[in-house]
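Count along the sequence shown starting at 1, add 32, and that's the number in our numbering.
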Amino acid sequence: MEGLFTLENLFTLGMLVILQAVLGFDNLLYISLESKRVRLDQQSSLRRWGIGLAVALRLVLLLLLLKVLSLFQDTLFSINMEGLITGAFNLHGIVVFVGGIFILYTAIKEISHMMLLEAGDHMERKPSSYTYVLTSVIIMNAVFSFDSMLSAMALTDNYVIMATAILVGGILMIWLADHVTEFLKKNRMYEVVGLFILFLVGVMLLSEGSHVSHLTLFGHAVTPMSKSTFYLVIFVMITIDIVQSRYQKKLIAQAEKQGLVD
C-alpha cells in the first residue's frame with residue numbers, strides 16, 4: 033500500500049471519479065426508465081440492486097480486462113465485401129455493437145408505446161418480471177462500463193485506484209437514481225427527452241462498435257460519435273424542451289387571460 037496515496041494517485045482517482053460520473057449519466061437514465069417496467073413497490077429496490085450488482089460485475093470485468101485485454105482486441109471474424117461492407121470484428125466491438133442495438137430497440141419500443149398512449153393507459157400497463165428487468169439492467173450496465181473501464185485503464189494501471197473510482201461512482205448512482213426517477217415522474221415532459229437521449233446513446237454505441245471493428249460501408253469508414261458532440265446534442269435538446277415548455281405555458285396563460293381557454 034506504500035506509495036498508493038501519492039498526490040499523483042489521488043489526482044488520478046479524482047479524475048476517474050469525475051469520469052465515472054460523466055460516463056454514468058446515460059447509464060443512470062437507462063436504469064431510471066427501465067425501473068418503471070416493474071411494480072411501483074419494486075422500482076426503488078430494482079434500482080439499488082441493479083446498480084449494486086452491476087458495480088460488482090464491473091469490478092470483476094475490470095480485473096478480467098487487465099488480465100486478458102488482448103482477447104477482447106483479437107479479431108474473431110472479418111467481413112470483406114469490397115465497395116459494400118468490410119470490417120474486422122473483435123469481442124469488444126461486438127459487445128458494444130449489440131448493446132447499441134438493444135438500447136435502440138428499447139428506446140424505439142418505449143417511444144412507440146408513448147405515441148400510442150391514451151389518457152390513463154400508462155396506469156394499466158402490465159408490469160414486467162422483476163428478475164428479467166434486473167438482468168437487463170445488469171447486462172446493459174456491463175456494456176456501458178466498457179467505455180469507462182477502457183478510459184480508466186488509459187489513465188492508470190493501478191487496480192485499487194480504478195476499483196475505488198468504480199465503487200464511489202456506484203454509490204453516487206445509487207444515491208441519484210431515486211432522485212432522477214422522481215424528477216422524471218414530476219416532469220413527464222422530460223421523459224420524452226430522456227427516451228430520445230437513450231436513442232442517441234444507442235446510436236453512439238453503434239458508431240463506437242463499428243469504429244472498433246473498423247467497419248466501412250460503401251467505401252466510407254464509420255466514425256464514432258465524440259463525447260463532446262453527444263453532450264452538446266443533449267444540451268441543445270434539453271434547452272429546446274425548456275424553451276418550448278415555457279413558451280407553451282405563456283401561450284396558455286395568455287389565452288386564459290383573453291377568455292379563449294376555460
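The beta carbon of each residue, even a glycine, is placed where N, CA and C say it ideally should be.
TODO: Would you mind stating whether TYR62 and MET172 have Cβ atoms separated by less than 8 Å?
DONE: In terms of Cβ geometry, TYR62 and MET172 form a close pair [threshold 8 Å].
Open item on the list: Under 8 Å, with one C-beta from each stretch per pair, do the segment 68-87 and the segment 198-217 reach the 3-pair mark?
Closed with: Between the segment 68-87 and the segment 198-217 there are three or more inter-stretch CB-CB distances shorter than 8 Å, so the stretches are counted as touching.
- [ ] Look at VAL175 and VAL127 and say whether their C-beta atoms are less than 8 Å apart.
- [x] With respect to the 8 Å criterion, VAL175 and VAL127 are classified as neighbours on the basis of their beta carbons.
- [ ] Determine, using beta carbons only, whether GLY132 and GLY46 come nearer to each other than 8 Å.
- [x] The beta carbons of GLY132 and GLY46 sit no closer together than 8 Å.
- [ ] Let me know if ASP153 comes out buried or exposed under the rule of 16 or more other beta-carbons within 10 Å of its beta-carbon.
- [x] Annotation note: pLDDT 48 at ASP153 (below 50); position unreliable, no value reported.
- [ ] Classify ARG69 as buried or exposed, calling it buried when 16 or more other Cβ atoms lie within 10 Å of its own Cβ.
- [x] The residue is buried, with at least 16 neighbouring Cβ atoms inside 10 Å.
Task: Endpoints, beta strand (DSSP E) assigned at LEU247 - done: LEU247: not part of any beta strand (DSSP E); DSSP gives it neither H nor E.
Task: Three or more C-beta pairs below 8 Å linking the segment 107-126 and the segment 240-254 - done: Because the criterion of three Cβ pairs below 8 Å is met, the segment 107-126 and the segment 240-254 touch.
- [ ] Give the C-beta separation of LEU227 and LEU42 to the nearest angstrom, bearing in mind that I take them to be a contact with Cβ-Cβ under 8 Å.
- [x] Wrong, their Cβ atoms sit about 39 Å apart, outside the cutoff.
TODO: Please report the residue range of the beta strand (DSSP E) in which SER110 lies.
DONE: Unbroken beta strand (DSSP E) run through SER110: 107-113.
TODO: List the whole-angstrom C-beta distance separating SER245 from THR255, where the pair is believed to meet the contact cut-off of C-beta under 8 Å.
DONE: In this structure, SER245 and THR255 do not form a Cβ contact; the two beta carbons are roughly 12 Å apart against a cut-off of 8 Å.
Task: Integer Cβ distance of LEU48 from ALA197, believed to fall under 8 Å - done: Contact between LEU48 and ALA197 holds, since their C-beta atoms are separated by about 3 Å, short of 8 Å.
- [ ] Give the straight-line distance between the Cα atoms of GLY84 and ASP73, rounded to the nearest whole angstrom.
- [x] Straight-line spacing of the CA atoms in GLY84 and ASP73 works out to 18 Å.
- [ ] Please state if the CB of LEU230 and the CB of ALA139 are separated by a distance shorter than 8 Å.
- [x] Taking 8 Å as the cut-off, the Cβ atoms of ALA139 and LEU230 count as close.
Task: With 16 other Cβ atoms within 10 Å as the buried cut-off, status of MET155 - done: With a pLDDT of 46 at MET155, under the threshold of 50, the modelled position of that residue is not reliable, and the figure given next carries that caveat. Here MET155 is exposed. Its C-beta has fewer than 16 other C-beta atoms within 10 Å.
- [ ] Report all residues from its chain with a CB closer than 7 Å to the CB of GLU288; omit the five preceding and five following residues, and keep chain order.
- [x] Once the five neighbours on either side are set aside, GLU288 has no close Cβ partner at all.
- [ ] May I have the straight-line CA-CA distance separating LEU94 from VAL224, to the nearest angstrom?
- [x] Just so you know, the alpha carbons of LEU94 and VAL224 end up roughly 34 Å apart.
Task: Start-to-end residues for the alpha helix (DSSP H) that takes in THR261 - done: Unbroken alpha helix (DSSP H) run through THR261: 259-289.
Task: Three-state class that DSSP yields for GLY84 in the structure shown - done: GLY84 falls in the helix class under three-state DSSP.
Open item on the list: Taking the beta carbon of VAL192 as the centre, do at least 16 other beta carbons fall within 10 Å, making it buried, or is it exposed?
Closed with: Result: exposed.
Open item on the list: Considering Cα atoms alone, identify which of LYS158, GLY241, GLN276, ILE270 is closest to SER258.
Closed with: Looking at LYS158, GLY241, GLN276, ILE270, the one whose alpha-carbon comes closest to that of SER258 is GLY241.
Task: First through last residue of the beta strand (DSSP E) which encompasses GLY251 - done: From DSSP, GLY251 is part of no beta strand (DSSP E); its letter is neither H nor E.
Task: N- and C-terminal bounds of the beta strand (DSSP E) containing ASN122 - done: If you look at ASN122, you'll find it in the beta strand (DSSP E) that goes 117-122.
Open item on the list: Taking the straight line between their C-alpha atoms, what separation do you get for PHE215 and THR44?
Closed with: PHE215 and THR44 have their C-alpha atoms spaced approximately 32 Å apart.
Open item on the list: Classify GLN75: buried if its beta carbon has 16 or more other beta carbons within 10 angstroms, exposed otherwise.
Closed with: Classification of GLN75: buried, given that the 10 Å Cβ count is 16 or more.
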